[in-house]
Structure formats: C-alpha cells, structure tokens
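All remarks here apply to the structure that follows.
There are 2 protein chains.
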Amino acid sequence: MSRASAAQQAASTRERILDAAVQRFSRRSYEETGLRDIAADVGVDVAYVHRCFGSKEKLFAEAVRVALKADRSFPDDSRELGRALARQALARDGKHSHGRTGSLDIVIRSLSSPQAAAVLREFIVADFITPLSRHVDQPSLRRASLIMAFLAGLGILRNVLDVASLREAGGGELEAMIACIIQLIIAAPASGRA
Amino acid sequence: MSRASAAQQAASTRERILDAAVQRFSRRSYEETGLRDIAADVGVDVAYVHRCFGSKEKLFAEAVRVALKADRSFPDDSRELGRALARQALARDGKHSHGRTGSLDIVIRSLSSPQAAAVLREFIVADFITPLSRHVDQPSLRRASLIMAFLAGLGILRNVLDVASLREAGGGELEAMIACIIQLIIAAPASGRA
DNA sequence: TCCGGTAGTCAACCGCCGTTGATCACGGTC
DNA sequence: GACCGTGATCAACGGCGGTTGACTACCGGA
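Residue numbers (my numbering), protein chains in the order written: chain A, -14 to 179; chain B, -14 to 179.
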C-alpha cells in the first residue's frame, strides 16, 4: 500500500466510524451507546475506534460537530427567520424509519450525560445561539436562546416523546404556526410587557 | 419491635429511599444513577434498595410517578397563564444546590430511555397538555403542546445545559419575557399568519 | 531481500454495577 | 428461654464496557 493510499484508506475508515457514531448516538444515549457497537457497524475492532479518536468522549464530540454541521444558514431577512427555522425543525419526518436521523436527534439523545452536556452547551452556544442572535432584531443572546429553547422542546416532544398533536397533518399548518411563534419571540418586547 | 412499628419503620425507610431516588434521577440520567449512590444517601445497603423495589427499573418507574405527582394548577384567567407558567418554570433557582429539584427535571433526565419515554408521553399529555389546553383561548391541544415544548426546551437549556444567557440576572426580566412569549403563543393565530 | 512504518487485530485488564443468597440483629410470641 | 418473622447487612458473582499494549499483515522503499 502506497503511503498516499494508506493514509487515504485510514481517512476513509475514520469517516465511516464517524458516520456510524453519529447514527448510534442519534438513536441511543451516550451511555447506552458502546464503542463495540460502533466498531461492529463498520466491521472494525473496538481498539481501533479508540485509537482513531482517543476516547469515547472525543468521538462523541466529533460526532456532534459532524451531525450539526449540515443546516445552519440563516436568511438575511429576519422576517423570514421563523419560516426557515420551522422548516428545518420539521424536516425529518419522511424518512424517519430508514433514513438519516435529524441533526438535532443526537443532541436530544445525549442530554443525560454531563460530559456530553458540556460539549453540547459549548457547541449550541457557539454555533447556533450566537450566530442566531445576530439575525434577530435587537441582537440578543437571550432572545436567541429562547428561540433555541422552543426548537429544542419541539424536537423532544415530536421526535422523542412523539406527541400526537405535534404531528404535521399536512397542509403545513404546524410549520406555519411554528414560524409565526418564532417571529413573535423575535419581536417580543425585551421588557416582557405584552 | 412490635409488628406495627416494624412495618412502620420499613415503610419509612422505603419512602426515604424513594425520595433519594427522585433526587438522584432528577440530577443524573438513569444509566449514570447507581443504586449504590441512592443507598448511600439514605445510609442503607445496596442490597436492601434492590430488595425493596425489585429492580432498578421498578424503582425508577416509581420515582417518576412520585416526582410527577405534584399537582399543577392553572389560573382561571388565561391572561395570567403566561406569568404563572413562567414562575413555575423558573421556580427552582434559589435553592439549586441544596433544595428539591423541579418536578420536570426527572422527565428531562430520563428522555434517553425508550421505556421512560412512553411513560412520560402519557403523563405529559394527560396531566399537562390536556388540562392546559382547556385554559387557552381557542382550546387546542396543539397550542398547549407548543407551550409545553417551549417550557420543556427552556428547562433543558437552563437546567441541563446551563446556558448562561437563560440565567435570571435578578429583577425578573427573564420571567417577564417568558411570560410574555407564552401569552403570545396563546394568542398566536391558528392559521399561522403573523 | 530486508527494513520500517502504518492500518488494523487480539487478548487482557480494571472498575463499575445490578443482582443474589447467605447471614445478622432484634423484638414479639409461645 | 427457645423460636421465628423481619428489617437490614455482607460478600461475592457475572457481565459489560472503556482502555491499554503487544502483536500481525501488508506495502513501499533502499
């Protein structure tokens, strides 16, 4: 194996491990997910997984980063923000059983672990709340955090608890309502006076 | 020890174990919480905890039931709903270190377990969303679910992820803002048009 | 043909945790 | 005082899971 192709091979395997990790961590909690499971998915020994990423925690951190890399573009016009975020939040229903999981699933599944929580906080604040805060009127971390809270709760009630009344019945009514609420949060008076 | 007082003693110990379990499960996930920890809190042997409740899983189930027993009352005037819910949502800061945890914490911590998720959905829908839906204008399960989603997400970002910008800085500004947003959700047009 | 480096494996370690069965301590009963 | 039911303990088992270090297989280069 040439030097180049060896490195290429290693990179490829590493990526496949990372993919498997994202899938696993998205469906089960941090503690429930074993390195042996991930290794088995790829057809590799456990030790190699560990060797590649240093520790389970580091693998998890990287998996979170990868999983959340996809969708994070906010429209320039803040009046469109609600609709864009609502669409992102609901965009995972069709292929729920056999396809990729939603990018927020991994966040939701791994809330339980304090180590995971720390990683998640850093990431959510740095890569979601902060950028988002620059797209709302009256730029405010708190306002962005409240929007994030709404989206996170939505994801949990829908994807984890599977609450019936939050299933989209078709016609986009739910999406429209969510979009509307986000716009309301964006515009809510900072003083709290309604 | 008389038969009666022996039984009384056993019941008391059992209750203390249950209390400790609620506290533990509220702060850490199901997997992270060890029977040994709970036993140590009460000053009892691990084996006795197991003996009392049959298994860790059964203890957890009972702990969830106990933790969620706290009765929830909503104000009659729907204009006060936002403020009341906001107060409940934030009402656990002062005694964060040594006091009781919020009743929803155990819900949040145990989201990862699929068995727990089913129990939780039943409870949340029956004991929170449905009653709440009767207190909003234009009674609607969906609207109540969206409020619940906001509160759940808020709990997670605050209590689990500990996002700084959602910490109350004093003066009740956060509470006021949350109350305001809930009122906005209550009044948000069903069509989604803003 | 031998060397060296690197992808990937193997086997074992170690600590944690739920679970189990034997056992103790003690107070009421006869 | 002997017996016994019961609250509570003790020590150990068995398995799981992350981690570790030695080892193999393979390939390009000298």
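Here a beta-carbon is modelled for each residue, glycine too, at the ideal position from N, C-alpha and C.
| query | How many Å lie between arginine 119/B and glutamate 16/A at the Cα? | reply | The residue given as residue 119/B occupies position 134 in the second sequence. The residue given as residue 16/A occupies position 31 in the first sequence. Rounded to whole angstroms, arginine 119/B to glutamate 16/A spans 39 Å at the Cα level.
| Do you know whose CA, among Lys41/A, Ser63/A and Gly28/A, lies nearest threonine -2/A's CA? | Against the first sequence, residue -2/A aligns to sequence position 13. Looking at the Cα atoms, Gly28/A is the closest of the given residues.
| Whose CA, out of Leu131/A, Val31/A, Gly138/A and Leu146/A, lies closest to the CA of alanine 173/A? | For the purposes of this step, residue 173/A is identified with residue 188 of the first sequence, where counting begins at 1. Alanine 173/A has its Cα closest to that of Leu131/A, out of Leu131/A, Val31/A, Gly138/A and Leu146/A.
| Applying the criterion that 16 or more other CB atoms from any shown protein chain within 10 Å of the CB defines a buried residue, is serine 58/B buried or exposed? | Stepping through the second sequence from its first residue, residue 58/B is reached at position 73. The residue in question, serine 58/B, is exposed, as its Cβ has fewer than 16 Cβ neighbours within 10 Å.
| query | Do you know how far the Cα of arginine 68/A is from the Cα of alanine 161/A? | reply | On the first sequence, position 176 is the one that residue 161/A refers to. On the first sequence, position 83 is the one that residue 68/A refers to. Taking the straight line from one Cα to the other gives about 7 Å.
| message | Could you check whether phenylalanine 135/A and isoleucine 109/A sit closer than 9 Å to each other, using their CB atoms as the reference points? | response | By 1-based counting over the first sequence, the position of residue 109/A is 124. By 1-based counting over the first sequence, the position of residue 135/A is 150. Not in contact: isoleucine 109/A and phenylalanine 135/A (Cβ atoms no closer than 9 Å).
| message | In this structure, how does DSSP classify proline 174/B when only helix, strand and coil are distinguished? | response | One-based indexing of the second sequence puts residue 174/B at position 189. Looking at proline 174/B - three-state DSSP - the assignment turns out to be coil, as it is neither helix nor strand.
| Alpha carbon to alpha carbon, what distance is there between aspartate 4/A and leucine 159/A? | Residue 159/A sits at position 174 when you count from the first residue of the first sequence. Residue 4/A sits at position 19 when you count from the first residue of the first sequence. Roughly 31 Å separates the two Cα atoms.
| query | Mind checking if isoleucine 91/B is an interface residue toward chain A, Cβ cutoff 9 Å exclusive? | reply | In the second sequence, residue 91/B corresponds to position 106, counting from 1. Taking Cβ atoms only, chain A never reaches closer than 9 Å to isoleucine 91/B, which makes this a no.
| Three-way DSSP call (helix, strand, coil) for proline 60/B in this model | Walking along the second sequence from the start, residue 60/B turns up at place 75. DSSP places proline 60/B in coil when its eight states are reduced to three.
| Between the CA atoms of leucine 139/A and alanine 74/A - distance to the nearest angstrom | Working through the first sequence from its first residue, we reach residue 74/A at position 89. Working through the first sequence from its first residue, we reach residue 139/A at position 154. So the alpha carbons of these two residues sit roughly 8 Å apart.
| query | So is glutamate 47/A buried or exposed if we call it buried at 16+ other beta carbons inside 10 Å? | reply | Counting from one through the first sequence, the residue named residue 47/A turns up at place 62. Buried, because 16 or more other Cβ atoms sit within 10 Å of the Cβ of glutamate 47/A.
| Which residues in chain A sit within 8 Å of glutamate 16/B, going by Cβ to Cβ distance? | Within the second sequence, the letter at position 31 stands for residue 16/B. Those are Ser14, Glu16, Glu17 and Ser97, listed as they occur along chain A.
| Per DSSP, what kind of secondary structure is glutamine 8/B in: helix, strand or coil? | Numbered from 1 along the second sequence, position 23 holds the residue referred to as residue 8/B. Helix, per DSSP.
| query | Are any of the Cβ atoms in chain B nearer than 9 Å to that of isoleucine 166/A? | reply | Residue mapping note: residue 166/A aligns to position 181 of the first sequence, counting from 1. Taking Cβ atoms only, chain B reaches closer than 9 Å to isoleucine 166/A, which makes this a yes.
| task | Quick one: using the 10 Å Cβ neighbour count with 16 as the cut-off for buried, is arginine 21/A buried or exposed? | result | Reading the first sequence from its first residue, position 36 is the one you call residue 21/A. Flag for arginine 21/A reads exposed.
| said: Please classify glutamine -6/B as buried or exposed, where buried requires at least 16 neighbouring CB atoms within 10 angstroms. | reply: Translated into positions along the second sequence, residue -6/B becomes position 9. Glutamine -6/B is exposed by the Cβ-count criterion.
| field | Spatial distance of proline 116/B from arginine 12/B (CA atoms) | value | Residue 116/B sits at position 131 when you count from the first residue of the second sequence. Residue 12/B sits at position 27 when you count from the first residue of the second sequence. Approximately 27 Å between the Cα atoms of the pair.
| request: Identify the contact partners of alanine 74/A in chain B, using a Cβ-Cβ distance below 7 Å as the criterion. | output: For the purposes of this step, residue 74/A is taken as the residue at position 89 of the first sequence. Result: empty, since nearest Cβ-Cβ is about 10 Å, beyond 7 Å.
| said: Tell me which residues share the same chain as arginine 182/B and place their Cβ nearer than 8 Å to its Cβ, disregarding the 5 neighbours each side in the sequence. | reply: In the structure as shown, chain B begins at -14 and stops at 179. Residue 182/B is therefore absent and cannot be evaluated.
| Helix, strand or coil: which one does DSSP assign to glycine 84/A? | Translated into positions along the first sequence, residue 84/A becomes position 99. Low confidence applies to glycine 84/A: its pLDDT is 42, below 50, so where it sits in the model is not reliable, and the reading given next is rough at best. Reduced to three states, the DSSP call for glycine 84/A is coil.
| task | Reducing DSSP to helix, strand and coil, say where aspartate 112/A ends up. | result | As a position in the first sequence, residue 112/A is number 127, starting the count at 1. Aspartate 112/A: helix per DSSP, three-state reduction.
| Since alanine 5/B meets chain A, which of its residues come closer than 7 Å, beta carbon to beta carbon? | Position 20 of the second sequence, counted from the first residue, corresponds to residue 5/B. Result: empty, since nearest Cβ-Cβ is about 19 Å, beyond 7 Å.
| Are any of the Cβ atoms in chain B nearer than 9 Å to that of glutamate 158/A? | Counting from 1 along the first sequence, the entry for residue 158/A is found at position 173. Yes, glutamate 158/A lies at the interface with chain B (some Cβ there is under 9 Å from its Cβ).
| request: State buried or exposed for alanine 71/A, treating a residue as buried only when at least 16 other CB atoms are found within 10 Å of its CB. | output: The residue you call residue 71/A lines up with position 86 of the first sequence. It counts as buried.
| said: Does lysine 54/B come out as helix, strand or coil in the three-state DSSP assignment? | reply: Working through the second sequence from its first residue, we reach residue 54/B at position 69. It is coil, neither helix nor strand.
| said: Quick check: the Cα distance between leucine 181/A and isoleucine 23/A, rounded to an integer number of angstroms? | reply: What is shown of chain A runs -14 to 179, which leaves residue 181/A out entirely.
| message | Contact criterion: CB-CB distance below 9 Å. Does alanine 134/A meet it with respect to chain B? | response | Taking the first residue of the first sequence as 1, we reach residue 134/A at position 149. Interface residue, yes.
| field | Three-way DSSP call (helix, strand, coil) for histidine 35/B in this model | value | In the second sequence, the residue the question calls residue 35/B occupies position 50. Three-state DSSP puts histidine 35/B in a helix.
| query | Shorter than 9 Å from the beta carbon of aspartate 147/B to some beta carbon of chain A? | reply | Translated into the one-based positions of the second sequence, residue 147/B becomes position 162. So, interface residue.
| Is the shortest distance between the beta-carbon of serine 40/B and the beta-carbons of chain A less than 9 Å? | Taking the second sequence and counting its residues from 1, one reaches residue 40/B at position 55. So, not an interface residue.
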